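Reading through the structure tokens given below for one structure.
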Amino acid sequence: MSVRRLRNLLLVLIATVTLILYGCSDEDPTSTSSAGFAGLGQDVDGFQDAGSNSSLTFPADHSAHPDYRIEWWYLTANLEDESGEPLGLQWTLFRQALMAPSKRPEPTPWAADQLWMAHMALSQGEQHQVAERFGRSHSQAQLNTTQNSQAGVVANPFHAWLDDWQLKANDEADNRDFDNLTLTAYSGEGDTRFGYSLTLTAEGPLVLHGNGGFSQKAANGQGSMYYSQPFWQIEGDVTLNGETKTVSGRGWLDREWSSQLLDARQSGWDWFSIHLEDGHKLMAFRLRGGGDDTDQAQGADYRSGTWITPEGQATSLANSDITLTPQATSAVAGRDVPTRWRLEVPSAGLDMTIEAPHANRWMTTSVPYWEGEVVVTDHASGEPLGEGYLEMTGY
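Per UniProt numbering, the very first residue in the sequence shown carries number 1; after that it's consecutive.
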């Protein structure tokens with residue numbers, strides 16, 4: 001058996017054990033002993049945790065935070081090809097610490113305390129291609145700027161990778177920072193090969209969510225460190241069904257890390273990133289469960305969001321500022337998934353219908369979820385207002 005095949009088998013084993021421990025509970029999600037969706041409601045248990053007294057520092061916080069349990073670098077994009085046909089894509093790098101900092105082994109070629117997983121998706125019309133990879137590293141590898149481990153993220157110059165899937169600072173840019181990146185990821189061979197090679201240029205500032213970057217996720221106060229770059233302009237090439245096309249459009253990158261993201265009662269989330277045609281942007285989410293029992297029924301949802309001006313000024317939206325109402329469902333992968341929503345933010349004058357033009361955006365990954373492009377219209381008139389992405393977990 002080759003070393004590469006043995007390594008891949010070990011990674012699958014690690015991933016399977018992780019999912020068994022953290023993502024496959026049969027407990028009632030409303031029980032306080034449940035771990036929540038995919039184990040994201042576990043106790044901190046020796047890990048560093050996000051809090052309202054935490055602060056963000058750049059460029060350092062573009063890098064990995066191995067003392068926290070979970071983390072991701074999450075890009076979605078609404079693009080068009082040369083003929084004006086819409087196209088959507090996703091690329092995400094996830095990190096999960098396998099053990100608390102005090103229990104980590106000394107670095108050796110076989111020692112790993114960090115599990116990495118990357119997802120990519122490319123969608124156009126009824127086509128929806130998905131790929132997934134796993135990697136591993138020792139946390140000390142994040143201090144190694146030579147980037148010679150299988151997977152990792154370093155801040156300066158920015159580079160996030162798993163094997164040859166990578167998001168990195170543009171070598172040709174005058175300032176090799178987070179504002180000018182390239183993304184390269186391909187999967188498959190021959191006619192089944194798909195992927196993309198893109199350049200990303202930020203045309204606005206980073207946006208901190210919540211309280212200075214701490215995003216509360218439940219009424220009891222727990223949450224994550226969370227910021228976004230919602231101002232990407234993207235150009236490049238995508239390959240789908242053996243055909244390569246030139247594309248351009250808008251992207252949204254989310255950065256988030258925590259050790260206890262959810263309340264144990266929360267079963268999943270519905271997350272929206274919206275680009276409006278007037279230049280405003282909106283992030284909003286509904287976490288199913290974890291609401292405040294003083295003014296809502298037991299197990300009520302927890303909502304939050306950020307209203308962003310064209311210049312990048314951010315206004316945090318509280319639970320009471322947002323109304324999210326499913327309007328219609330679609331049968332997807334044996335589940336009924338809400339693919340049309342009404343989203344109201346009265347303080348911003350918003351009453352929108354958000355709909356997925358294609359329901360078949362199920363991510364057939366180790367922890368499956370729905371994610372795809374959406375179109376935004378005025379709820380009363382039906383006038384087009386914008387576009388974006390919707391992610392739904394725990395269905």
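Where a beta carbon is used, it is the ideal one built from N, C-alpha and C, also for glycine.
For clarity, every value in this text was computed on a predicted model and none was experimentally measured.
Ordered along the chain, which non-local residues of its own chain (more than five positions away) have a Cβ less than 6 Å from that of A328?
R340
Burial state of P66, where buried means 16 or more other Cβ atoms lie within 10 Å:
Buried, since its Cβ has 16 or more Cβ neighbours within 10 Å.
Would you identify the three-state DSSP class for P346, choosing helix, strand or coil?
Note: P346 maps to helix in three-state DSSP.
Between W362, D351 and M363, which has its C-alpha nearest H379's C-alpha?
D351
Between the Cα of S304 and those of P105, P310, T182 and F272, spot the shortest distance and give me the residue it belongs to.
Looking at the Cα atoms, F272 is the closest of the given residues.
Tell me the DSSP secondary structure of H209 in three-state form.
coil
Contact set for P368: own chain, Cβ-Cβ below 6 Å, skip 5 residues either direction
Leaving aside the five residues that flank P368 on each side, none in its chain has a CB nearer than 6 Å to its CB.
Report the option in L208, D237 and A121 whose CA atom is closest to the CA atom of T57.
L208
Separation of P157 from P59, as counted between CA atoms
Straight-line Cα distance between these residues: approximately 9 Å.
Between which two residues does the beta strand (DSSP E) containing V367 stretch?
From DSSP, V367 is part of no beta strand (DSSP E); its letter is neither H nor E.
Please report the straight-line C-alpha distance between L343 and T108, rounded to a whole angstrom.
If I take the Cα positions, the gap works out to 50 Å.
Identify whether G268 lies in helix, strand or coil by the three-state DSSP scheme.
The answer is coil: DSSP assigns G268 none of H, G, I, E or B.
Quick one: what's P101 bridged to in DSSP?
In the DSSP output, where bridge partners are listed per residue, P101 has none listed.
Other residues of its chain near I70: CB distance less than 8 Å, five sequence neighbours each side excluded
L40, F94, R95, Q96, A97, W257, S258, S259 and L261
Tell me, which residues are paired with E387 by DSSP?
Paired residue(s): H275 and V375.
Relative to the alpha-carbon of T315, which residue among A333, L282, D336 and T323 has its alpha-carbon at the smallest distance?
For T315, the nearest C-alpha among the options comes from L282.
What's the gap between the Cα of S381 and the Cα of D61?
43 Å
Where does T393 sit, in a helix, a strand or coil, going by DSSP?
coil
Is it buried or exposed, Q127, if we count other Cβ atoms within 10 angstroms and call 16 or more buried?
Counting Cβ neighbours within 10 Å, Q127 comes out exposed, since fewer than 16 surround it.
Return the residue from the list H159, A218 and D336 that minimises the CA-CA distance to I73.
Strictly speaking, residue 73 in this sequence is Trp, with Ile absent from that position. When only C-alpha atoms are compared, the closest one is H159.
Just to confirm before moving on: does the CB-CB distance between G204 and I274 stay below 8 Å?
no
Near the ligand NAP: N211 beta-carbon under 7 Å from a heavy atom
No copy of the ligand NAP occurs in the structure displayed, which carries no ligand at all.
Which residues mark the beginning and the end of the beta strand (DSSP E) in which N180 is found?
N180 to S187
Helix, strand or coil at H138 according to DSSP, with G and I counted as helix
coil
Apart from the five residues on each side of it in sequence, which residues of its chain come closer than 7 Å, Cβ to Cβ, to E82?
K245 and T246
Measure the beta-carbon distance from Q166 to A202 and round it to whole angstroms, keeping in mind my assumption that it falls under 8 Å.
In fact, because the Cβ distance is near 18 Å, the residues do not count as touching under 8 Å.
How long is the line joining the alpha carbons of T32 and W252, rounded to whole angstroms?
For T32, the pLDDT reaches just 32, beneath the cut-off of 50, and the residue's location in the model is therefore unreliable, although a value from the coordinates is still provided. Distance between the alpha carbons of T32 and W252 is about 34 Å.
For V238 and L87, believed in contact at Cβ under 8 Å, the rounded distance:
7 Å
On the three-state DSSP scale, how would you describe T192?
helix
DSSP on N78, reduced to helix/strand/coil?
strand
Is the beta carbon of L206 closer than 8 Å to that of L183?
no
Taking 7 Å as the limit between beta carbons, can you name the residues of its chain near P310, skipping five residues before and five after?
Cβ within range, chain order: G279 and H280.
For V375, the nearest candidate out of T364, T365 and H358 (CA to CA):
H358
Expressed to the nearest angstrom, what Euclidean distance is found between the alpha-carbon atoms of Y68 and Q140?
14 Å
Indicate the three-state DSSP secondary structure (helix, strand or coil) for L330 in the structure shown.
Inspection of the sequence shows that residue 330 is occupied by Ser rather than by Leu. Strand, per DSSP.
Is the CB of Q233 under 8 Å away from at least one CB in chain B?
Structure shown: chain B not included; a single protein chain is present.
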